[in-house]
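Student: In this note's numbering, the protein residues as written are -10 to 263. Structure incoming, see below.
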């Protein structure tokens, strides 16, 4: 095996990182530039900087009712992610800590459910929601989001709880704490990085999800942001300036959330949140 000099390895690493950054930032910069261009300039100079900052695209976005779409996405995300994290935390802790008959089979079933393709359950899911009268409602959207988000979150938190030190739990139980109180008073506060990481993953999924929302929601009053973006696209033409402005606005909450939780997210991924 040929050993490369350290400087060569560093050069290769920086080259790869630089190329990856260019690959990621190029479409993002195009999105931002297009959001501030007039319609004629979008086609005349698609990849260049805008000649002047044009805010008409954002005015059309705000006048189109994006506030309703934003509120619907916010409600759906908060309720779904809260349910996902709450249910998954208790399930993952029980699988990792409480011995009961068939525990491993339950975990295998959860892993297997995560492997089922989304498209395979769309028709029965639609029929079930129709039977319960939940079509075209946020409740009918929250239920499948919660169901689809639980398996991944359980797998993620199960691995975390397996490596979680048991010393503090055992000490609390010896001091007279019940197992439930130990979970809420000791385990959950120390598991905050992992819980926040799981929540961020699910917020990104729910906030950007399109297919299930397209299947369930039809009224403008209950549409989420991804569906609302389609209102700027017609049969024969599309308002690309407004589309890019709406995409930019819809991405800001997720970017802000990640920046606010970045420390906990990195700690969890690097194993420092244990």
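The beta carbon of each residue, even a glycine, is placed where N, CA and C say it ideally should be.
(1) From residue 209 to residue 179, what does the alpha carbon distance come to, in whole angstroms?
(2) Do the CB positions of residue 9 and residue 217 come within less than 9 angstroms of each other?
(3) So, at 7 angstroms on beta carbons, what are the nonlocal neighbours of residue 92 in its own chain, with the 5 sequence-adjacent residues on each side left out?
(4) Select from 141, 222, 248 the residue whose C-alpha is nearest the C-alpha of residue 77.
(5) Going by Cα to Cα distance, which pick from 73, 167, 45, 95 is closest to residue 228?
(6) One question on the structure: do residue 182 and residue 199 come within less than 9 angstroms of each other, judged by their Cβ atoms?
(7) Per DSSP, which residues does residue 227 bridge with? Please list them.
(8) From the DSSP output, in three-state form, read off residue 43 for me.
(9) Classify residue 27 as helix, strand or coil using the three-state DSSP reduction.
(10) In chain order, what are the residue ranges of uninterrupted alpha helix (DSSP H) at least 4 long that sit wholly in the region 78 to 135?
(11) With 16 as the cutoff for other CB atoms within 10 Å, does residue 3 come out buried or exposed?
(12) Would you report the Cα separation of residue 244 and residue 90, rounded to the nearest angstrom?
(13) Considering only C-alpha positions, which residue in the set 23, 139, 123 is nearest to residue 207?
Tutor: According to the structure shown:
(1) Numbered from 1 along the chain shown, position 220 holds the residue referred to as residue 209. Numbered from 1 along the chain shown, position 190 holds the residue referred to as residue 179. So the two alpha carbons sit approximately 42 angstroms from each other.
(2) Stepping through the chain shown from its first residue, residue 9 is reached at position 20. Stepping through the chain shown from its first residue, residue 217 is reached at position 228. Contact: no.
(3) Locating residue 92 in the chain shown gives position 103, counting from the first residue. Excluding sequence neighbours, residue 92 sits near 84.
(4) Translated into positions along the chain shown, residue 77 becomes position 88. Among 141, 222, 248, the Cα nearest to that of residue 77 belongs to 141.
(5) Indexing the chain shown from 1 puts residue 228 at position 239. For the residues 73, 167, 45, 95, the minimum Cα distance to residue 228 belongs to 45.
(6) The residue given as residue 182 occupies position 193 in the chain shown. The residue given as residue 199 occupies position 210 in the chain shown. Not in contact: residue 182 and residue 199 (Cβ atoms no closer than 9 angstroms).
(7) The residue you call residue 227 lines up with position 238 of the chain shown. For residue 227, which the question treats as bridged, DSSP gives the partners 222.
(8) Here residue 43 refers to the residue found at position 54 of the chain shown. Residue state, collapsed to three classes: coil.
(9) Numbered from 1 along the chain shown, position 38 holds the residue referred to as residue 27. Note: residue 27 maps to coil in three-state DSSP.
(10) Whole alpha helix (DSSP H) segments, 4+ residues: 92 to 104, 111 to 120.
(11) The residue given as residue 3 occupies position 14 in the chain shown. Under this definition residue 3 is an exposed residue.
(12) Counting from 1 along the chain shown, the entry for residue 244 is found at position 255. Counting from 1 along the chain shown, the entry for residue 90 is found at position 101. Roughly 43 angstroms between the two C-alpha positions.
(13) What you label residue 207 is simply residue 218 of the chain shown in a count that begins at 1. The shortest Cα separation from residue 207 among 23, 139, 123 belongs to 123.
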